[in-house]
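Counting in full-length UniProt numbering, the sequence shown runs from 809 upward without gaps.
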Amino acid sequence: HADLAMYSAKQNGRNNYQFFVPEMNARAMQRLQLESALRLGIDRGELVLHFQPQQHMESGRIIACEALVRWQHPELGMVPPIQFIPMAEDSGLILPLGEWVLREACRQQVIWKNQGIHLTMAINIAALQFQQADFVERVAGILAETGAVAADIELEITESALLASTETLIGRLNQLRALGLSLALDDFGTGYSCLAYLKRLPIERLKIDRSFVKDLPGDTEDAAIASATLSMARDLGMMVTAEGVENEAQREWLLQRKCTLCQGYLISPPRPAGTLTEWLRKEMSLA
Ligand code: C2E
Ligand code: MG
Ligand code: MG
Ligand code: MG
């Protein structure tokens, strides 16, 4: 019923879905409202990016940041991505949303670079985005449009986007590498990582998911997984970013095991561009 109603609502345009209310369950209704609100929100410029710094562990320098999208809804306030990214993925809205994020993050990277703040910009790419046949051309187009240099951009792709590690997808990763972009495997360890494919993927960085970092160093299972990931990555010639680093004990443990980068509240939460600029200037003058 819900699917049929949504289909009809789309056919008939906005607001007509109210006609179907009695037939729909509350959750489907809520979702449909959220979906049309997001559709409008993208057009109305309600999306904003926050940026979370990534620290090079050995030198202590901030060398990169990750762009994280938020939705500034006029009534709901700041909506976190967990509340709309999955819905955007199901509805296909992730395509215009993801394109906006790519463009905006590249623009900000160039703005900072022109101000003497040189950071690699890490950008999350959803599975559906990556699976577009013309994804590489789209990325190249956005680089050209924003003036961002490929070497300054890292794409974070999740394991689930590579589940079907077909020749086509691997070929696409190679094309992105050939353009000069860096590639990271996000949320490593949470999906169905196929270790046999890992060696075939032209990816230079693994991001250890924060669920494995959270209870370090005390939790022996998490320590075993994080340790194994770090040594495997090293042997495969890959770098590692640890996510969700919140305290010194975690940082120390990761540093001892030669983790390359760390990201988390210990260093900084995600911040709007203006706030991060001030924070970075302070960091740099201290360094
Ligand atoms: P992610 O890519 O794994 O991003 C890291 C998430 O961990 C962010 O949540 C960040 O705020 C949070 N985090 C960072 N440091 C800490 C910490 O020390 N402690 C804790 N507890 N959390 C920390 P956020 O911003 O809510 O984003 C959640 C997820 O939404 C992201 O996970 C990513 O999968 C997705 N997402 C965000 N922006 C985008 C986007 O532009 N496109 C796509 N496709 N997905 C996005
Ligand atoms: Mg990410
Ligand atoms: Mg992640
Ligand atoms: Mg994660």
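Backbone N, C-alpha and C define an ideal beta-carbon position, used for all residues, glycine too.
Member of the options whose CA lies at the smallest distance from the CA of residue i
{"i": "residue 933", "options": "944, 1003, 1043", "result": "944"}
{"i": "residue 873", "options": "886, 914, 900", "result": "914"}
{"i": "residue 986", "options": "959, 1037, 923, 969", "result": "959"}
{"i": "residue 846", "options": "881, 946, 992", "result": "881"}
{"i": "residue 984", "options": "1022, 917, 857, 951", "result": "951"}
{"i": "residue 1074", "options": "1021, 1082, 854, 1031", "result": "1021"}
{"i": "residue 859", "options": "956, 927, 946", "result": "927"}
{"i": "residue 1002", "options": "1064, 1023, 974, 890", "result": "974"}
{"i": "residue 990", "options": "843, 888, 1072, 1047", "result": "1047"}
{"i": "residue 869", "options": "939, 925, 1039, 1037", "result": "925"}
{"i": "residue 1062", "options": "970, 879, 1031, 1043", "result": "1031"}
{"i": "residue 871", "options": "930, 1060, 1005", "result": "930"}
One or two residues paired with residue i in a DSSP bridge
{"i": "residue 861", "result": "873"}
{"i": "residue 996", "result": "1016"}
{"i": "residue 1021", "result": "Looking at the DSSP assignment, residue 1021 forms no beta bridge with any residue, so it has no partner."}
{"i": "residue 990", "result": "962"}
{"i": "residue 928", "result": "872"}
{"i": "residue 983", "result": "According to DSSP, which records beta bridges pairwise, residue 983 is partnered with nothing at all."}
{"i": "residue 1079", "result": "859"}
{"i": "residue 1002", "result": "Per DSSP, none; premise fails for residue 1002."}
Cα-Cα separation, residue i to residue j
{"i": "residue 1056", "j": "residue 841", "result": "43 angstroms"}
{"i": "residue 1027", "j": "residue 863", "result": "24 angstroms"}
{"i": "residue 912", "j": "residue 1084", "result": "16 angstroms"}
{"i": "residue 895", "j": "residue 1000", "result": "22 angstroms"}
{"i": "residue 1081", "j": "residue 835", "result": "35 angstroms"}
{"i": "residue 883", "j": "residue 854", "result": "11 angstroms"}
{"i": "residue 1045", "j": "residue 918", "result": "29 angstroms"}
{"i": "residue 785", "j": "residue 1092", "result": "Residue 785 cannot be examined here, being either before or after the span of the chain that is shown, 809 to 1095."}
{"i": "residue 1036", "j": "residue 941", "result": "35 angstroms"}
{"i": "residue 844", "j": "residue 1039", "result": "46 angstroms"}
Heavy atom of ligand 6 within 7 angstroms of residue i beta-carbon
{"i": "residue 1012", "result": "Among the ligands in the structure shown, ligand 6 does not appear; only ligand 1, ligand 2, ligand 3 and ligand 4 can be found there."}
Residue i: first and last residue of the uninterrupted alpha helix (DSSP H) it sits in
{"i": "residue 903", "result": "902-922"}
{"i": "residue 949", "result": "943-954"}
{"i": "residue 1037", "result": "1028-1043"}
{"i": "residue 935", "result": "935-938"}
{"i": "residue 849", "result": "834-851"}
{"i": "residue 867", "result": "Neither: residue 867 is in no alpha helix (DSSP H) and is coded neither H nor E."}
{"i": "residue 1011", "result": "Run containing residue 1011: none; DSSP gives neither H nor E here."}
{"i": "residue 890", "result": "Careful: residue 890 lies outside any alpha helix (DSSP H) and carries neither H nor E."}
Limits of the beta strand (DSSP E) - the one that residue i falls within
{"i": "residue 1050", "result": "1047-1050"}
{"i": "residue 885", "result": "885-887"}
- Item | Segment contact flag, the region 1007-1023 with the region 964-984, C-beta cutoff 8 angstroms, min 3 pairs | Segments in contact, yes.
- Between the region 959-972 and the region 901-908, are three or more C-beta pairs nearer than 8 angstroms? no
- Segment contact, 8 angstroms Cβ cut-off, at least three pairs: the region 1059-1073 with the region 1081-1093: no
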